[in-house]
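Worksheet: the structure to be examined is printed underneath.
In the numbering used here, the protein residues as written are 100 to 197.
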């Protein structure tokens, strides 16, 4: 709505977007009425692909505004996100921060 794509009559326009913040957590992917998908699940989508789709949609730089997980998995999760961010940048995505 902010970019004017969905309901332009409410005044949204691409000029209002200079950077897109993306929030992504370990439990952000799931099957309806089911548990969160583990990264090893065949239907799990790589975060880099989601970043690519967001960049292609809005044509603006991105930053990962929020991410995290609970407990002892934090170091592994942050490493995973850092690797996905690097892969996204290597694909040409303008990723400005994490």
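Beta carbons are placed, not taken as given, at the ideal position from N, Cα and C, and that holds for glycine.
DSSP, read as helix, strand or coil, puts residue 129 in strand. The alpha-carbon separation between residue 121 and residue 159 amounts to approximately 12 angstroms. Per DSSP, residue 146 has no beta-bridge partner at all. For residue 119, the enclosing beta strand (DSSP E) covers residues 119–124. With a cutoff of 9 angstroms on beta-carbon distance, residue 147 and residue 195 are scored as not near each other. Only buried fits residue 187, as 16 or more other CB atoms lie within 10 angstroms of its CB. Going by DSSP, residue 183 is part of the alpha helix (DSSP H) stretching over 173–189.
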